[in-house]
Structures are given as structure tokens and as C-alpha cells.
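Colleague: This structure is in C-alpha cells; I'll ask about it shortly.
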Amino acid sequence: MVYGAEMAKLVTLAVDGIEVQVAEGTLVVDAAKKAGVYIPVFCYHPKMEPVGMCRMCLVEIGRPLINRETGQFERTEDGSHKMQFGSKLETACTIPVSEGMLVRGFTEKVLRGRKDILEFLLTSHPLDCPICDKGGECPLQNLTMDFGPGKSRFIYDEKMHLSKHVPLGELIYLDQERCIQCGRCVRFQDEIVDDPVIGFAQRGRALQIVTYSEPGFDSYFSGNTSDICPVGALTTSDFRFQARPWELNYAASICQQCPVGCNLTINVRREDKSGGAIVVKRVMPRQNEWVNEIWICDKGRFAYHYAESKERLTQPLLRQNGELVPASWDEALNRVAEGLKTAGKGALTLASGRLSNEDLFNLRILTEALDGKAIQYTNLAGGDLVAQVGVGQGTNFADIGAGTAILVVACDLEEEAPIYWLRVKQAAERGAKLIVANPRSTKTDRYATHTLRYPYGAEAAIVLAMLNSLSAKRPDLPKGVQEVARSAEVQAAARAFAEAENAVVLFGSEGTGLAASRPLAQACANLLIATNHVGRANNGLIGVWHSANTQGAWDMGFTPAEDLGAALHSARALYVAAADPAGDDPALAEALKSVDFVVVQELFLTETARLADVVLPAQSFIEREGTLTNAERRVQRYHPAVPERSGPLADFAITARIAERLGLDLEARIPLRVMERIASQVPDYAGVTYQKLAEVVDQWPIVGRADLYYGGTTYENSQGLGVQLQPAAQRGEQIPLGWLQPSEVVMAGETDILAVPITRLYDRGQTVVPSDLLHQRIPEPYLVLHPQTARRMGIVNSSPVDLHLKGVVIQVTAFLDESVPENVALVPRSMGIPITDPVPVEVEVAEKIVA
Ligand code: SF4
Ligand code: SF4
Ligand code: FES
-17 MVYGAEMAKL VTLAVDGIEV QVAEGTLVVD AAKKAGVYIP VFCYHPKMEP VGMCRMCLVE
43 IGRPLINRET GQFERTEDGS HKMQFGSKLE TACTIPVSEG MLVRGFTEKV LRGRKDILEF
103 LLTSHPLDCP ICDKGGECPL QNLTMDFGPG KSRFIYDEKM HLSKHVPLGE LIYLDQERCI
163 QCGRCVRFQD EIVDDPVIGF AQRGRALQIV TYSEPGFDSY FSGNTSDICP VGALTTSDFR
223 FQARPWELNY AASICQQCPV GCNLTINVRR EDKSGGAIVV KRVMPRQNEW VNEIWICDKG
283 RFAYHYAESK ERLTQPLLRQ NGELVPASWD EALNRVAEGL KTAGKGALTL ASGRLSNEDL
343 FNLRILTEAL DGKAIQYTNL AGGDLVAQVG VGQGTNFADI GAGTAILVVA CDLEEEAPIY
403 WLRVKQAAER GAKLIVANPR STKTDRYATH TLRYPYGAEA AIVLAMLNSL SAKRPDLPKG
463 VQEVARSAEV QAAARAFAEA ENAVVLFGSE GTGLAASRPL AQACANLLIA TNHVGRANNG
523 LIGVWHSANT QGAWDMGFTP AEDLGAALHS ARALYVAAAD PAGDDPALAE ALKSVDFVVV
583 QELFLTETAR LADVVLPAQS FIEREGTLTN AERRVQRYHP AVPERSGPLA DFAITARIAE
643 RLGLDLEARI PLRVMERIAS QVPDYAGVTY QKLAEVVDQW PIVGRADLYY GGTTYENSQG
703 LGVQLQPAAQ RGEQIPLGWL QPSEVVMAGE TDILAVPITR LYDRGQTVVP SDLLHQRIPE
763 PYLVLHPQTA RRMGIVNSSP VDLHLKGVVI QVTAFLDESV PENVALVPRS MGIPITDPVP
823 VEVEVAEKIV A
């Protein structure tokens, strides 16, 4: 058996008689796991540095004797190594393997040591397994059964009694008595996510986990600590006291909240209090070392409640006498077919990357049959470029380190795609050169080797400036950025990028609208092409989209309209799916009113749905299956977790039923069959089948219920790792440079300031607000100013201000932050403020305070 990195020197050792070869530097505990030998751990976690705190992994270790004079191994008469075992047991989690080592994990001495450690840990443990959420999947419970003392020598009253219901924030609760002080949670927050917001207080048996942040446990990754806590000390607020692990069923799913595409397991249970319905009890990570490893962010874990919201649409609605009234599916679909037929060539479909590939494919085929236009609802362009020069098949951030350059431009990675932030951080820690280009500082800067600042509006220009410093072909740069472009930082960053063996660019939408994002995406593609960083694994372009399947929407043929308002004005019929233009922008709401016939297919009665002639209720991701294509173009499948509700239908099925009424044959029942059509009609998806998406390989570390002491209660992946598509450059196509002149940098005037859109993880989107748990983290509408800018206008921190935007006045709270450029207001998207592009605005102290 040979494990470990191919290039590393291999070391041979034996664990309980099983010979194993592992890479030099491997810890004994990992070598044993790879040999299939079970060495229990508590504090050790294969994703974190060992600390040797709990002593659960004690083993006997023998090393070959070396003759001090000759430096050679001493041998017995039969030629084997003379072994020397230490007098004491050693911690397998802190000792690296060495040649010829013998490890004994089950001798009497080891078993006695294990029993003593367990007895020690249990001296202050409450033994409330019957009511503990971890009961049934608890390493302490199981190890006590396997190796612990049958009886406690402590009487209950001698135990240390501590608080059992301590909220560390609104998402995570701590039971202080259950904590075995392994430090996994504290180390995770510190080492893995760099949010050191929890720590130890007190000493000895009174030692407790406390939160240092305000609000408590202020981290986007807090839920992961409940997975890796080896006891029931940390539990999530929504699963706490809700179910026992053995009652749960599970379904494989994919997070629908951002373009990372984290693999999930949805745990469900039929329960009395829900009227006998099968309901979701919790969302857990599912291992995919290529995508999310074993982590997910809190949005992915807690936002699913929207799918169970009572506000969901359950019945089609038809407009009659100006009112939307309930109707049967037949009535509604007949009305839609008639409306689309009457509109003839003027029909538009508008859909977002919230839909699956199967939905988008059916919708695009229907649109083409109507001679209409399939428009993508997005604020970020460039998916066509990603299809050409996106990261190559075989890309894995885990393989990225020294020798690779990563450019993150116009993107607050932690807010826009939290797990990408983790993966980029880890790559930088392994030695990748991280170039962060953004007008203000973000958390990604902490790991940057080069930080480039530019004025908002100069996103494309800063990337072209890097290219200019490398190439004789010099695109003109707008005035506002010429000085920045000549700076030594830009030149050094460009050199680092060009000289790297591999290079990846992640571009986002910080400060840009759709119009500015096109030249940005093109500039990024040019930089990659010109430096020969395309067509291979771990090289290429990644769009940090707003929706989980924006890339799929591009691939299925949906492109954004340059001027959506104008497109709507010219439409005679409009079919909107998974998009709320009227809710996002009052100007688009006005434009919608000019369309003769509007159909909306949605989960909720959105502002757009309120204006529709027909509203069609769609299923949520927990009730159906489909595929999503993530930002690295990995196609992944999600499965139904709960039975269909009566009423809503899957989006692809609704479209197929409309198509049927128009004489067009589309697959209405089985998404697998839609994927077969996609594979035969969309060349990039040739060969993609549901069977291929279901393929798995062994992953490291071993996690899951079969081996839950090791990586935590994260689920192992037996349902599929997905298929990463090849970009055109990897298929051998020559991709030419495309020159798009970046727009002039918009500057604030003398009396106004420039409002720029930014993205926050917790916003007021349809799929976030229904989750009560996240409410405390969703801010009220606000903007952020530089203190100097605020002082000029008499604005103080946390004060209400009037924001004059597009002819309306909105009252928001102003916060001050020195990292924001002067004369700029950061305005979060999807927060009730209709901002789509950078725009000059006026901000003033609020005239009257709104109650
Ligand atoms: S709360 Fe859990 S993970 Fe944290 S130190 Fe205690 S036992 Fe370990
Ligand atoms: S990082 Fe993105 S895909 Fe992953 S769990 Fe969070 S929101 Fe979902
Ligand atoms: S000391 Fe090795 S697992 Fe804790």
C-alpha cells in the first residue's frame, strides 16, 4: 500500500503488523488510518496542526536501533532490525513516521492508557447521552463503549457543574459541561478560517469556551465547529434538541447560495409536530476535496429554511379583473401558452442562475421555438469567456501553492463566495503568490503578496495595466488610472503573475455593474492568454457569480441584455423564472408594466410576480433533482430530500408542459433525460451523464459516519463528485485576445459622492430572509463612507442619512470605515436599495428619523 504525495520520499513502517508506505513527514496516526488501523483521537483533526492535548491517541512506538559508531541499523541474528520501544506511551498524532518504525495500537499497555484517559475525561462529563444531540454519533460515547471504564469512580456531586445552555451567538450553543477541552473549535476558527473569535477562558476543570466578538461567534463558518466538536458541547441552534441522529434520513445535495457549489447532505425526518410530514432537520457538509473539502459556510447551512417557508407559492395564480386569483395548473398553463403564442416573435425569457441546467435548457429551447430571446438576469458578464479560458479540467485549489499566482480582482471573496476565500487563503499559506486588486481592503488582503488599489470604475484598467507592463501591445488606459498603472506595485504583481508556473484569476462584482464587468472579464482573460496560463489544470478564469448556476446559465445559452429596461420595453410577452427585476429596481418595474403579457415562475410572490398575468409556483431544491455548474465548471447533481409538496412543479417540468401546449416536445418528467439532451446538444457537456456525475474516488481525510472520530461528523461522499468540464482552450482551441476599451473612470462631483455596489453574504434575497436564524445577521439598509467624507457632510457613525438615488430618497444608516476611498459610498446590493451600477448620489443627514 503506497500513500502520500508522489514526489515525496516514502517511509515504510508497520502498524499492528500491517506494513504501510507513506510520505515522509506523515504522522503516525494518519499512517495507521491509511493502514486501516483504528487509533482513536479527540484533539487531532487531519485538517489542522496537531497539538497533543487530549492523549487519546497513545500508542507504543518502536524504532530501529542505530549503532552510534557506524550510524547503521543494528540487526538481530535473522537480519531484522533490533527494535527499541520507549518506556512510555507516545501520542500518535504528534509523532512523524520514520523508517522501520513499529507501532502497536492495541497492547495491554495501550488499552490501559486509553481507559485511564477516558476515565479522566469523564470525571467532569455530565454523561447526559440520552438527551445529547451528539448521542449516536459521538466519538466520546463510542470510545467509552469500546475502551472506557465500565463504571465511574466519581460520584455525581463531585463533578464540576457548568452552564449547559450558553449561546455563543444566535447560531451556536455551548454546553460547558460536555466540553472535553480538545481545542478543535478554537483551532478551526484560528487556523482554518482566520476568525479567532472564540477561545479558552479559566483553567483546569473550569476551562470554558468563550466568544470574544460582538455579535457573539461572529464568523461565517461557525457551524463547522459543531461538526468537528467530538462531543455534544457545540450544537447548532436549529438542530439542538430537534432529533436524534439515528432517526434521520439523508439526501445528497448541492448548496444553491453561491457559485462554489459546496456539497451538502440534507438530513430529514418524518415528524408528528409537522403533521406527519418529512421535514429537513439539518444541513451538513458532504466531503468533496475538489470543491469544499469538508466545510460549508453558515449561509449554506442555515439558509435552507426558505424552502420550508409558509410564504411559498402553492398554487398557480391568474390575473382576473386586475387581481391575482388561484387557478388550476391546466388553466394557468393554457393561458401561458395562449399568451406566448399571441406575442409571437416578441417573447422574451428572463432567467437567473438560481435555476438548474435542466430548467435553463428547456427554457432556452422553448424560447428558440418561439423565435424569442433568452436573457440572463445577472450583474456580471464573462461566462462565455470562462467557457473558453476557465480553469482546466483537473483543477483543485488543494494542489495550488508555491509556483502558482492567484489574482483576485474586484471581489470581496469572503462575502461573495466564502469557501473560495478559505481555499485561496490556504493556497497562499502553501506559498502561492496572491495578488489582490480592490479599491478598499478586504480580508483577502491579509494573505496578499501584492495589493493593488485603484479607483472604483478602473477594474478592467488595473488588469490591463498589469498586461501593459508585460507586453509591447499596450491598450490605452483611462486617465483616472494612468498613474496607478505606472506604479512599481503593478509591475511587480504583473511580473509575479507572468513568471508563475500556473495562474488563476477570480473576478467579482465589487463596484461594477453589468456594463463594466464585460471589459473586466475580457481584461482578465487577456492577461491569462497573454501569459500562457490557459488550457491546463490549475490555470484559468473563475467568475465569482452571484448565483449558484450562473455559469450553467451561460452554458445553456442565456446571455445578459446590455440594456434590460429597453429589452423589456420592446417585449410583447415575458416569461420570468427565478428573477425579481421589479423588486431590485423600480425602473425595471416600470418597464415591466409596458409588457402585454407577463408570466412569473417563482417560489414566492415577489414584486415581479405581483405584476404578472400568470404566476406559476416552482419547487425548491429540497423537493426535486437537477444539476448545477459551479464557477470552476464542475457539474454537480442534487437530489430530492423531501417528497414533492402538492402544488409546485419543477421549473423544467413547467416549461415542458407549456411547450407541449405549443406543439413542442420537451422532457417533462425525468431530469436525467433532460441531461441526455443537453449532452447531445450543448457541445461542452458532451459525455456528461447522471452516471458520471455519481462517480466517486477515495478521499483523504476519511470522514463520515463510518469513521466519525477522525474528520468529524461531516458526511462522506458516496453520491458523486461531479464532472469538471474542459474549457475550449484545453480542447486545443486557440483563443484570441479580445480588446474592449475600459470605460472612463466615473468620479464623484463636487457636491455628490459616488455610490458603488458591493456584495454582502447575508442580504435581503428571497433565499435568505425567510431563514429566521440569520435575521440578526442581516443588516438594515446601510451605506459606508470614509470618516473624512462623512465629516464634511456632518455625518457621524451609525447615524441615519438620506440617500438620493435615481430620483428617490431612501433612509439608510451610515457607517464609517477608513478603508473606503474618500468621496465614495459603499452600498450593498439586495438590501432594499436599488443600486446596480456605480452612480453619483447625494447623501445628507436624515431630515426626519423614520420610526
Ligand atoms: S467545545 Fe467541543 S471542539 Fe471545542 S474544545 Fe470543547 S470539546 Fe473541543
Ligand atoms: S460557500 Fe457558497 S456554496 Fe458553499 S456553503 Fe457557502 S454559500 Fe453555499
Ligand atoms: S493527543 Fe493525540 S488525539 Fe489528542
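If you use this note's numbering, the sequence shown corresponds to residues -17 to 833, in order.
Beta carbons: idealized from backbone N, C-alpha and C, even for Gly.
Keep in mind that this is a model prediction, so the values were computed, not measured.
Please list the terminal residues of the continuous alpha helix (DSSP H) segment that includes D784.
Modeller: Careful: D784 lies outside any alpha helix (DSSP H), inside the beta strand (DSSP E) at 781 to 787.
Colleague: How long is the line joining the alpha carbons of I99 and V11, rounded to whole angstroms?
Modeller: Spanning the two alpha carbons is a distance of roughly 17 Å.
Colleague: Counting only the same chain and skipping the five closest in sequence on each side, list residues whose C-beta sits under 8 Å from that of W311.
Modeller: Result list for W311: P298, L631, R639, in chain order.
Colleague: Strictly by DSSP, which residues pair up with G44?
Modeller: According to DSSP, which records beta bridges pairwise, G44 is partnered with F67, L84.
Colleague: Let me check understanding here. Comparing Cα to Cα, which of I276, A14, E6 lies closest to I0?
Modeller: If we check each option's Cα against that of I0, A14 comes out closest.
Colleague: May I ask you to report which of helix, strand or coil DSSP gives L156?
Modeller: Strand at L156.
Colleague: In angstroms with no decimal places, state the Cα-to-Cα distance between N124 and W277.
Modeller: When rounded, the distance between both Cα atoms is 24 Å.
Colleague: Measuring straight from C-alpha to C-alpha, what distance separates A573 and V445?
Modeller: For A573 and V445, the distance between alpha carbons rounds to 35 Å.
Colleague: When DSSP labels each residue in this structure, what does R759 get in the three-state scheme?
Modeller: Residue state, collapsed to three classes: helix.
Colleague: With DSSP as the reference, please indicate the residues paired to K835 in a beta bridge.
Modeller: Given a span of -17 to 833 for the chain in the structure shown, any question on residue 835 remains unanswerable.
Colleague: Find out if the Cβ-Cβ distance for the pair S80, I154 is shorter than 8 Å.
Modeller: Taking 8 Å as the Cβ cut-off, S80 and I154 do not qualify as a contacting pair.
Colleague: Looking at the unbroken alpha helix (DSSP H) that takes in M548, where does it start and where does it end?
Modeller: The question names Met, but residue 548 is Ala in the sequence shown. Note, A548: alpha helix (DSSP H), 546 to 552.
Colleague: Taking Cβ to Cβ, would you say H515 is nearer than 8 Å to N521?
Modeller: Yes.
Colleague: Who sits around ligand 4, taking every residue whose Cβ is closer than 6 Å to one of its heavy atoms?
Modeller: Absence of ligand 4 is noted for the structure shown, with ligand 1, ligand 2 and ligand 3 being the only ligands found.
Colleague: Residues in the same chain with beta-carbon distance under 6 Å from D177, minus the five sequence neighbours each way, listed in chain order, please.
Modeller: Cβ neighbours of D177 beyond the five flanking positions: Q171, S201.
Colleague: Report the CB separation of H551 from T360 in whole angstroms; it is logged as a contact under 8 Å.
Modeller: Contact flag wrong, Cβ pair sits at about 20 Å.
Colleague: Just checking, does the segment 368 to 379 make contact with the segment 595 to 606 on the three C-beta pairs under 8 Å criterion?
Modeller: No, because fewer than three Cβ pairs between the segment 368 to 379 and the segment 595 to 606 fall closer than 8 Å, the two stretches do not touch.
Colleague: Are Y429 and K407 close, meaning C-beta to C-beta below 8 Å?
Modeller: Contact flag set, yes.
Colleague: Could you work out which residue in A399, H287, N270 is closest to R742 when comparing CA atoms only?
Modeller: Of the listed residues, the one whose Cα sits closest to R742 is A399.
Colleague: For ligand 2, I want to know if Q224 counts as a neighbour, meaning its beta carbon is within less than 7 Å of at least one of the ligand's heavy atoms.
Modeller: Outside the cutoff, so no.
Colleague: Based on Cα-Cα distance, which residue from L389, V582, P421, D567 lies nearest to A505?
Modeller: Among L389, V582, P421, D567, the Cα nearest to that of A505 belongs to L389.
Colleague: Alpha carbon to alpha carbon, how far is V582 from V558?
Modeller: Going from the Cα of V582 to the Cα of V558 covers about 5 Å.
Colleague: In angstroms, rounded to a whole number, what distance separates the CA positions of F221 and N450?
Modeller: One C-alpha to the other measures close to 54 Å.
Colleague: If you follow the alpha helix (DSSP H) that I777 is part of, which residue opens it and which one closes it?
Modeller: Here I777 belongs to no alpha helix (DSSP H), and DSSP marks it neither H nor E.
Colleague: Among the residues of its own chain, which have a CB less than 6 Å from the CB of L246, if the five just before and after it don't count?
Modeller: Taken in chain order, the residues that qualify are S235, C237, V265, R268.
Colleague: Report yes if the C-beta distance between E607 and P622 is below 8 Å; otherwise report no.
Modeller: Closer than 8 Å, so yes.
Colleague: Considering only DSSP beta bridges, list what M266 is partnered with.
Modeller: DSSP lists T247 as partners of M266.
Colleague: What does the shell around ligand 2 hold, if a residue joins when its beta-carbon is under 5 Å from any heavy atom?
Modeller: Output, sorted by chain position: C237, Q239, C240, V242, C244, I278, C279, K281, G282, P400, I401.
Colleague: Helix, strand or coil: which one does DSSP assign to F136?
Modeller: Residue state, collapsed to three classes: coil.
Colleague: From which residue to which residue does the alpha helix (DSSP H) around T207 run?
Modeller: 205 to 210 is the span of the alpha helix (DSSP H), which, as asked, contains T207.
Colleague: Is V513 near F479, with beta carbons less than 8 Å apart?
Modeller: Before going further, note that residue 513 is Thr rather than Val in the sequence given. The answer is yes: Cβ separation under 8 Å.
Colleague: Compute the distance between the beta-carbons of A74 and V33, then report whether it is under 8 Å.
Modeller: Result no, Cβ atoms of A74 and V33 do not sit closer than 8 Å.
Colleague: Are there any heavy atoms of ligand 1 lying less than 7 Å away from the beta-carbon of G165, as far as the coordinates show?
Modeller: Yes.
Colleague: So for Q716, helix, strand or coil by DSSP?
Modeller: It is coil, neither helix nor strand.
Colleague: If you measure between the beta carbons of T834 and V679, is that distance less than 8 Å?
Modeller: Residue 834 lies beyond the range of the chain shown here (-17 to 833); nothing can be said about it.
Colleague: In chain order, which beta strand (DSSP E) runs of at least 3 residues are fully inside the segment 100 to 133?
Modeller: Runs of the beta strand (DSSP E) inside the segment 100 to 133: none found.
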